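Trainee: This is the structure, below, for whatever I ask next.
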Amino acid sequence: MSNNQYEFSESFARQMDVQDTLSGFRDRFYFPQINGKEAIYFCGNSLGLQPKTVATYINKELDNWAKLGVDGHFYGEDAWYHVRKKSKPALSAIVGAHEHEVVAMNNLTSNLHFLMVSFYCPDQTRYKIITEAGAFPSDMYMLETQVKFHGLDPEKCIVELSPRAGEYTLRTEDILMAIEANKENLALVMMAGLQYYTGQVFDMKAITAAAHQVGARAGFDLAHAVGNAKLELHDWGVDFATWCSYKYLNSGPGNISGIFVHERHAENQELPRFAGWWGHDEGERFRMEKGFKPMYGADGWQLANSNVLALAAHQASLDIFEEAGMDRLRAKSELLTGYLEFLIEKISGDSGVLEIITPKIPNERGCQLSLLIHKGGKSVFDEFYKHGVVGDWRNPNVIRLAPTPLYNSFIDIYQFAKILEQSLQKFA
Ligand SMILES: *Cc1c(COP(=O)(O)O)cnc(C)c1O
């Protein structure tokens, strides 16, 4: 749909909801209340809403534990010993991978560290890492301390790419040029897949190809991309990736992360690893013998016993994703975010209060729009919240709004637009 087909009217928004084949999914989630009213929830980029089925999934495992005790590890088709397999079909579809290339485990930052141990192996010639300037703090700390762990200097090893003067997002051509310019010493490109602050989706395919071209590897932090942007990790040839499940994957606060390791590394014995027994050959695990023998594929990076209760909540959400399908979700997401963009531009016009800094091209963004606030600062955000809009404020001066295709509606967007219209009178 092009911009001139959108309308700022309640009847238009209602009509869009009627035509939306995913509209029924909204009822499968709990919505928080603000001032006694259901929130206009645009914060799935930070914490996705709770699927109503979560308690049932967790209770089932609590029952198994109560009834079976330790035998739950091996009893029946839900045996905890094999629980990691359940999430693979949905996860591999969401990130565009083979099932043996993904596994749910640990937390995001922990996984970044473990994957860096395997894929950042600096030597005399190749030691540089290219990343985006202003990356998420956990990623910055991770890179800094990984470099130091190898006895190297972060100042010399980490190359941060910034947008051109007067621009807010990185141009792909500039990323590719930086890869070329550092080709002699480049070990790794390690960036976000979708930048948390600007909402920009990087061209992971082109970046990976360019990194490989110069003999480096490419890894991505998909915290904001997973369950949101279109991903084809296998076909793009990405070496490794990791994500969290509590943002767009709606699996609950702090819940389990997942990793992707490309098939080409599935049996690579040369890669260094920090191993644990859960990554060891499953058939021999309980022999309790010396000598680490990794499982094939991503499973070989597991360290510890699967977190059964966390996986239960995760599965409740993944089952919904499987039913909805990423293609349908992505198609709706483009319309929903396009509508939000249309209304914001129409209403804020040249008020000078705010400006959208997220790319305009659908392939270069997910569902999130980042509003750079020029007048009124955080009070603009507080005003939204007072009227029931849950987005988030990110220092120094951005409001992120992320309408998700699973549980947001076109009427949500329309209602927000009315609130924006009122609020702007205060700040313009
Ligand atoms: C949300 C987010 C994190 C958070 O990491 P945790 O280990 O899950 O606390 C890290 N990196 C990025 C890019 C994020 O968006």
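Numbering (the working numbering), first residue to last: 254 to 681. Don't be surprised by glycine CBs; every beta carbon is placed ideally from N, CA and C. Keep in mind that this is a model prediction, so the values were computed, not measured.
Pull up the DSSP beta-bridge partners for residue 439, would you.
Mentor: 381
Trainee: Measuring alpha carbon to alpha carbon, tell me which of 613, 590, 570 ends up nearest residue 339.
Mentor: For residue 339, the nearest C-alpha among the options comes from 570.
Trainee: Is the stretch 456 to 470 touching the stretch 403 to 419 in the sense that three or more CB pairs, one from each, lie closer than 8 angstroms?
Mentor: no
Trainee: Write down the C-beta distance between residue 482 and residue 619 rounded to the nearest angstrom, noting that I regard them as a contact closer than 8 angstroms.
Mentor: 5 angstroms
Trainee: Terminal residues of the continuous beta strand (DSSP E) containing residue 357?
Mentor: From DSSP, the beta strand (DSSP E) with residue 357 extends over 355 to 358.
Trainee: Quick check: the Cα distance between residue 548 and residue 353, rounded to an integer number of angstroms?
Mentor: 10 angstroms
Trainee: How would you call residue 394, buried or exposed, if buried means at least 16 neighbouring beta carbons within 10 angstroms?
Mentor: exposed
Trainee: Tell me the residue span of the alpha helix (DSSP H) that contains residue 479.
Mentor: For residue 479, there is no enclosing alpha helix (DSSP H), as DSSP marks it with neither H nor E.
Trainee: Counting only C-beta atoms, is residue 529 closer than 9 angstroms to chain B at any point?
Mentor: This model lacks chain B altogether, as it is built from one protein chain only.
Trainee: Give the C-beta separation of residue 446 and residue 475 to the nearest angstrom, bearing in mind that I take them to be a contact with Cβ-Cβ under 8 angstroms.
Mentor: Right, their Cβ atoms sit about 4 angstroms apart.
Trainee: Roughly how many angstroms lie between the CA atoms of residue 473 and residue 563, to the nearest whole one?
Mentor: In a straight line, the C-alpha of residue 473 is about 23 angstroms away from that of residue 563.
Trainee: Select from 276, 355, 369, 509 the residue whose C-alpha is nearest the C-alpha of residue 561.
Mentor: Ranking 276, 355, 369, 509 by Cα distance to residue 561 puts 509 first.
Trainee: Which residues have their C-beta within less than 6 angstroms of a heavy atom of ligand 1, listed in chain order?
Mentor: 360, 361, 362, 389, 391, 392, 445, 449, 474, 476, 477, 497
Trainee: Under the three-state reduction of DSSP, which class applies to residue 572: helix, strand or coil?
Mentor: helix
Trainee: Quick check on this structure: which residue in 667, 292, 676 has the alpha carbon closest to the alpha carbon of residue 634?
Mentor: 676
Trainee: Name the DSSP bridge partner or partners of residue 472?
Mentor: 443, 493
Trainee: Do residue 626 and residue 651 have their beta-carbon atoms positioned less than 9 angstroms apart in this structure?
Mentor: With a cutoff of 9 angstroms on beta-carbon distance, residue 651 and residue 626 are scored as near each other.
Trainee: Can you tell me whether residue 594 is helix, strand or coil according to DSSP?
Mentor: helix
Trainee: With burial defined as no fewer than 16 other Cβ atoms inside 10 Å of the residue's Cβ, what is the status of residue 521: buried or exposed?
Mentor: exposed
Trainee: Please report the residue range of the beta strand (DSSP E) in which residue 467 lies.
Mentor: Here residue 467 belongs to no beta strand (DSSP E), and DSSP marks it neither H nor E.
Trainee: Between the Cα of residue 546 and the Cα atoms of 316, 557, 531, 559, which residue gives the shortest distance?
Mentor: Of the candidates 316, 557, 531, 559, the one whose C-alpha sits nearest the C-alpha of residue 546 is 531.
Trainee: When you compare the CB positions of residue 384 and residue 443, do they come within less than 9 angstroms of one another, or not?
Mentor: In this structure, residue 384 places its C-beta atom within 9 angstroms of the C-beta atom of residue 443.
Trainee: Tell whether a beta-carbon distance below 9 angstroms holds between residue 653 and residue 507.
Mentor: no
Trainee: Here's the rule: buried if 16 or more other CB atoms are within 10 angstroms of the residue's CB, otherwise exposed. What is residue 580?
Mentor: exposed
Trainee: Which runs of the beta strand (DSSP E) fall wholly inside the stretch 508 to 592 and span at least 3 residues, in chain order?
Mentor: 510 to 514
Trainee: Would you kindly check if the distance between the Cβ of residue 412 and the Cβ of residue 406 is under 9 angstroms?
Mentor: No. Outside cutoff.
Trainee: If we ignore side chains and look at the alpha-carbon of each, how far apart do residue 294 and residue 304 end up?
Mentor: 14 angstroms
Trainee: Measure how close the beta-carbons of residue 298 and residue 668 come, nearest whole angstrom, since I'm counting them as under 8 angstroms.
Mentor: Not quite, the Cβ-Cβ distance comes to about 19 angstroms (not below 8 angstroms), so this is no contact.
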